[in-house]
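A.B. asks: Before I ask anything, let me first share the structure, which is written out below as structure tokens.
Residue numbers (the numbering used here), protein chains in the order written: chain A, 2 to 362; chain B, 12 to 654.
As structure tokens, then:
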């Protein structure tokens, strides 16, 4: 199933950029957690496991994977529902399945599963454009995992499903009029969501974002500290493991949500540009794969997987600079987190897969 | 065709997505550039404020030595417990917890914090000064548990004064700078001298606080020290006080059983060898911040322990003022020491009868014997000849007018009336009859003990009015440097016959038939004079009976020794001691100690007397009341001649 000539069509540049980002993440986790810690080891295992997943996702033709996508979708959906009732609770949220040795966070896999099922749904459609029925189906497919994840509660991860759906639908040819109407509807929904769908703490976070100083000790604290962390880094940074903000724990979860802030502090603007450059390269290179894809299925698959990735990168980096409300959204490839790493690398396996098989039938 | 159309549209839409991503990344890069390059300095400073704390290191105050190099006041280590509000999430919780752990009243802590609420939050607010070891241990344990991350325990140098409140009023006390004292190197929370030498020489003694910059983590725990400027200890200061003489004088009072004041001077240069004011306060109570209860009790105490009687108490000098009269009469050339007056027990001036204390009178008496016997009539007569203005003038020469200029704060002015003074003060002319009572140190005359000490030094040294001073040498870093003594206030060389008459008379008070026999030391030729300061007139005494106030008279004993070439002079003021001669044993003990020390022999020891001696007849306390009640007495007309 893995033909030798396919090997030459693997996008080695993309893979190397991905691995470089993983390495940068490892270095910052090393710095933030203070050496050869279990956190670092777990991350390393996550990367190795992710690479295995990447190879697996690369080896099987994405079309056969997409054929099974409804099973994957239903499987992940089952896990999400399972988590809702039997998941391990940490920090007030029920997000994990405790397997003893490690924990699985099914919501991370939901993104890939959704990308697969949407890609298959629109890829097999022969109509050439998106009808309202299609749109309704896509919305339903997205809404189910979104609502379940939001119940955990994990609004951040739930939100990353939206770009997946939007990107796929958009690329699949949704009329611009409809897109405009949807955007308008979304804007109108904001006050309703604010009033009824958000929890108090979520409203507070957003309010704090608007004016961090009003609660400099509480919710605004992280945002102010994030800006201080980034700003104090300067052009060349304070040096590896020399960052005072991260090292002295003024900024919480420096190895996780705020890993990019610490990178900015220790490696400076120079390090930021390198990391942003790598992410941009990875994203543009992947969009290229979509363009080159042999079929619409492949293109949609790449776009779907890439959408959540790009959204998460942009949001996390913005938040790292204290320019967006603090959400529990990790930075893919760099932040600590095994499930996220495995899911992300598996997603890259699928994208590489599409590019690699662009000449096969 | 549909397919290629489809593909083209897809490619376009992919381009749109691509462009959006590029725009987003560009925006991010610009944002980071703005934060990290443009606003870098500002955030760098914020980051530093975040993790660096500057802790003040309090400088130990300069050590005080006595004239022989004996340490009088030094510093010990104590612990201060403070709240640093910068790290406080819930101030009320911290206060409650701290009050519970430290055994304090939470409301008191709240008040302390409220008083400092306008200061920068990084500055520690001292909540417990001189914390006990058990308080420190309890608080440190909670700190380690992260329960009180905003509480710091600092070791600070604290003033340590001698036991028994020795020389308390000389040293004064220290305290936190009040709002009005802030500025000129004194910051809020600085410990500065508030009284005594501590206050007058605060600039020398205070030293310079140091600082330690430490790196702390987000819960306020110190990680490491970044930089340290060690505190500079205050200058060492040597006082003119002699520890043994100070102790001898205070022991003397304790032995005698009354309060009062003593000022012992070196008449040759004005150095203060001993300065006593009793009752005293314990300066140690102030060293680590005085609690309000102690402060209130010191302030409300009827015995006024905070008052430095030596320079702030003003009393009528009584018979000791006769020395001013004698000096004035001799120096003005009105009389010679051989001038004789007949004392028949009273004399009439301006139609009023003035009594001598000896009812039968002293008979014909010359100046030496008038001093010896403290004959009132003799000095009424001289006073009448001199007039109040000349008394005032010579009182000033002897140091009894205004301040002596001693280097201690809040000295009160001594007062000897004059015609000009009465006009200024009351807008009335002086009546010559008033001069008579002034001549025996009554009426409007009121002087401080230290001014009488200066008077004795001036008489002892032959007319040089020295300014009493307390600092002998200062170590400004390069070893001891003698302090420049204050200039002499006035140099009036008395005539030899003036001096011999005064010195002889004073010697006879102690060594012949006078009232100062209790100060006699064989071979030391002590010269002295007793006196009584009326607390209240006889009529007043009737009125105030039952008021509970102590209305007993004060007793004076002024002295110098030896008679020729005096080395030590001074004054003993016995508060409500009734008799001046009761101060003489105190002077005797001081003088004995002085000579024993000088000659290297063992210091004298006071042996407690089992029972107080029966009171002797005291010429100074006999009524010398002026007024119709006495003027109407049968002896009223029996005035002796006064020429």
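All C-beta atoms, glycine included, are put in the ideal place defined by N, C-alpha and C.
#1: Taking only beta carbons into account, state which residues of the segment 232-261 of chain A come closer than 7 angstroms to chain B, listed in chain order.
#2: Between residue 42 (chain B) and chain A, is any beta-carbon pair separated by less than 9 angstroms?
#3: Are there 16 or more other CB atoms within 10 angstroms of the CB of residue 237 (chain A), so buried, or fewer, so exposed?
#4: Report yes if the C-beta distance between residue 335 (chain A) and residue 229 (chain A) is below 9 angstroms; otherwise report no.
#5: To the nearest whole angstrom, what separates the beta carbons of residue 136 (chain B) and residue 93 (chain B), a pair I think is in contact under 8 angstroms?
#6: In this structure, does DSSP put residue 349 (chain A) in helix, strand or coil?
#7: In chain A, which residues lie less than 9 angstroms from residue 54 (chain B) when you measure between Cβ atoms?
#8: Just by C-beta distance, which residues in the segment 313-326 of chain A are closer than 7 angstroms to chain B?
#9: Hey, could you find the ends of the alpha helix (DSSP H) residue 335 (chain A) is sitting in?
#10: Does any residue of chain B bring its CB to less than 9 angstroms from the CB of residue 300 (chain A)?
#11: Could you check whether residue 305 (chain A) and residue 268 (chain A) sit closer than 9 angstroms to each other, using their CB atoms as the reference points?
#12: Of the residues that make up the segment 164-179 of chain A, which ones have a beta carbon closer than 7 angstroms to any beta carbon in chain B?
#13: Let me check understanding here. Comparing Cα to Cα, which of B:527, B:452, B:134 and B:275 lies closest to residue 336 (chain B)?
#14: Is the beta carbon of residue 257 (chain B) sitting closer than 9 angstroms to the one on residue 284 (chain B)?
#15: Helix, strand or coil: which one does DSSP assign to residue 387 (chain B)?
#16: For the segment 81-145 of chain B, list the alpha helix (DSSP H) runs that are entirely contained and at least 4 residues long, ordered along the chain.
#17: Closest to residue 354 (chain B) by C-alpha separation, out of B:372, B:213 and B:610, would be which residue?
#18: Could you check the C-alpha separation between residue 442 (chain B) and residue 349 (chain B) for me, to the nearest Å?
#19: Could you give the DSSP three-state label for residue 37 (chain A): helix, strand or coil?
#20: What residue range does the alpha helix (DSSP H) around residue 248 (chain A) cover?
#21: Can you tell me where the beta strand (DSSP E) holding residue 353 (chain B) begins and where it ends?
#22: Which value, in whole angstroms, describes the spacing of the CA atoms of residue 646 (chain B) and residue 366 (chain B)?
#23: Between residue 319 (chain B) and residue 246 (chain A), what straight-line distance do the alpha-carbon atoms span, to the nearest angstrom?
#24: For residue 504 (chain B) versus residue 410 (chain B), is the C-beta distance shorter than 9 angstroms?
#25: Tell me which same chain residues have a C-beta within less than 7 angstroms of the C-beta of residue 539 (chain B), skipping the five on either side of it?
#26: Please confirm whether residue 35 (chain B) has its beta-carbon closer than 9 angstroms to some beta-carbon of chain A.
#27: Please classify residue 27 (chain B): does DSSP put it in a helix, a strand, or coil?
#28: Count the other C-beta atoms from every protein chain shown that fall within 10 angstroms of the C-beta of residue 234 (chain B), then say buried if there are 16 or more, exposed otherwise.
#29: For residue 62 (chain B), which of A:289, A:252, A:291 and A:85 has the nearest alpha-carbon?
#30: How would you list, in chain order, the residues of chain B whose beta-carbon sits under 7 angstroms from the beta-carbon of residue 292 (chain A)?
#31: Could you check whether the Cβ of residue 269 (chain A) sits closer than 9 angstroms to any Cβ belonging to chain B?
#32: In chain order, which alpha helix (DSSP H) runs of at least 4 residues are fully inside the segment 147-208 of chain B?
#33: Hey, does residue 265 (chain A) have any beta-carbon neighbour from chain B nearer than 9 angstroms?
#34: Measuring only the C-alpha atoms, how far is residue 635 (chain B) from residue 456 (chain B)?
#35: Report the rounded CA-to-CA distance for residue 506 (chain B) versus residue 408 (chain B), giving the unit in angstroms.
#36: DSSP three-state call for residue 326 (chain B): helix, strand or coil?
C.D. replies: On the basis of the supplied data:
#1: 232, 233, 234, 235, 236, 245, 246, 249, 250 and 251
#2: Looking up residue 42 (chain B) in the second chain gives position 31. Residue 42 (chain B) counts as touching chain A.
#3: In the first chain, the residue the question calls residue 237 (chain A) occupies position 236. Answer is exposed; the Cβ neighbour count stays below 16.
#4: Translated into positions along the first chain, residue 335 (chain A) becomes position 334. Translated into positions along the first chain, residue 229 (chain A) becomes position 228. Not a contact, by the Cβ cut-off of 9 angstroms.
#5: Reading the second chain from its first residue, position 125 is the one you call residue 136 (chain B). Reading the second chain from its first residue, position 82 is the one you call residue 93 (chain B). Yes, residue 136 (chain B) and residue 93 (chain B) are in contact; Cβ-Cβ is about 6 angstroms, under 8 angstroms.
#6: One-based indexing of the first chain puts residue 349 (chain A) at position 348. Of the three classes helix, strand and coil, the one that applies to residue 349 (chain A) here is helix, per DSSP.
#7: Start at 1 with the first residue of the second chain, and residue 54 (chain B) comes out as number 43. Result: 228, 229, 230, 231, 232, 233, 234 and 235.
#8: 315, 318, 319, 322 and 324
#9: Mapped onto the first chain, residue 335 (chain A) falls at position 334. From DSSP, residue 335 (chain A) is part of no alpha helix (DSSP H); its letter is neither H nor E.
#10: As a position in the first chain, residue 300 (chain A) is number 299, starting the count at 1. Yes - at least one Cβ of chain B is within 9 angstroms of the one on residue 300 (chain A).
#11: Position 267 of the first chain, counted from the first residue, corresponds to residue 268 (chain A). Position 304 of the first chain, counted from the first residue, corresponds to residue 305 (chain A). Not in contact: residue 268 (chain A) and residue 305 (chain A) (Cβ atoms no closer than 9 angstroms).
#12: 168, 171, 172 and 174
#13: Translated into positions along the second chain, residue 336 (chain B) becomes position 325. Of the listed residues, the one whose Cα sits closest to residue 336 (chain B) is B:452.
#14: As a first step, residue 257 (chain B) is located in the second chain; it is residue number 246 there, counting from the start. As a first step, residue 284 (chain B) is located in the second chain; it is residue number 273 there, counting from the start. Yes, they are a contact pair.
#15: Taking the first residue of the second chain as 1, we reach residue 387 (chain B) at position 376. Residue 387 (chain B) falls in the helix class under three-state DSSP.
#16: 102-113 and 117-126
#17: The residue labelled residue 354 (chain B) in the question sits at position 343 within the second chain. Minimum Cα distance to residue 354 (chain B) is reached at B:372.
#18: Against the second chain, residue 442 (chain B) aligns to sequence position 431. Against the second chain, residue 349 (chain B) aligns to sequence position 338. In a straight line, the C-alpha of residue 442 (chain B) is about 29 angstroms away from that of residue 349 (chain B).
#19: Here the question's residue 37 (chain A) lines up with position 36 in the first chain. If DSSP states are grouped into helix, strand and coil, residue 37 (chain A) belongs with coil.
#20: In the first chain, residue 248 (chain A) corresponds to position 247, counting from 1. Residues 245-248.
#21: Residue mapping note: residue 353 (chain B) aligns to position 342 of the second chain, counting from 1. 352-354 is the span of the beta strand (DSSP E), which, as asked, contains residue 353 (chain B).
#22: Your numbering for residue 646 (chain B) matches position 635 in the second chain. Your numbering for residue 366 (chain B) matches position 355 in the second chain. Low local confidence applies: a pLDDT of 36 at residue 646 (chain B) is under 50, so the model's placement there is unreliable, with the coordinate-based value given in what follows. Answer to the nearest angstrom: the Cα atoms are 9 angstroms apart.
#23: Within the second chain, the letter at position 308 stands for residue 319 (chain B). Within the first chain, the letter at position 245 stands for residue 246 (chain A). Going from the Cα of residue 319 (chain B) to the Cα of residue 246 (chain A) covers about 57 angstroms.
#24: Locating residue 504 (chain B) in the second chain gives position 493, counting from the first residue. Locating residue 410 (chain B) in the second chain gives position 399, counting from the first residue. For residue 504 (chain B) and residue 410 (chain B), no; Cβs fall outside 9 angstroms.
#25: As a working note, residue 539 (chain B) is residue 528 in the second chain. These residues qualify, in order along the chain: 517, 520, 521, 527, 530, 568, 569, 570, 595 and 598.
#26: By 1-based counting over the second chain, the position of residue 35 (chain B) is 24. Closer than 9 angstroms: yes.
#27: Within the second chain, the letter at position 16 stands for residue 27 (chain B). Three-state result, residue 27 (chain B): helix.
#28: Looking up residue 234 (chain B) in the second chain gives position 223. With fewer than 16 other Cβ atoms within 10 Å, it is exposed.
#29: The residue given as residue 62 (chain B) occupies position 51 in the second chain. Of A:289, A:252, A:291 and A:85, the residue nearest in Cα terms is A:252.
#30: Here residue 292 (chain A) is taken as the residue at index 291 of the first chain, counted from 1. Within 7 angstroms Cβ-Cβ: 22 and 25.
#31: Mapped onto the first chain, residue 269 (chain A) falls at position 268. Closer than 9 angstroms to some Cβ of chain B, the Cβ of residue 269 (chain A) qualifies, so yes.
#32: 179-182
#33: The sequence position of residue 265 (chain A) within the first chain is 264, counting from 1. Yes, residue 265 (chain A) counts as interfacial toward chain B.
#34: Residue numbering aside, residue 635 (chain B) sits at position 624 when the second chain is read from its first letter. Residue numbering aside, residue 456 (chain B) sits at position 445 when the second chain is read from its first letter. No answer about residue 635 (chain B) holds up, because its pLDDT of 49 lies below 50 and its placement is not dependable.
#35: Within the second chain, residue 506 (chain B) is the residue found at index 495, counting from 1. Within the second chain, residue 408 (chain B) is the residue found at index 397, counting from 1. The alpha-carbon atoms of residue 506 (chain B) and residue 408 (chain B) are separated by roughly 14 angstroms.
#36: Counting from 1 along the second chain, the entry for residue 326 (chain B) is found at position 315. Residue 326 (chain B) falls in the strand class under three-state DSSP.
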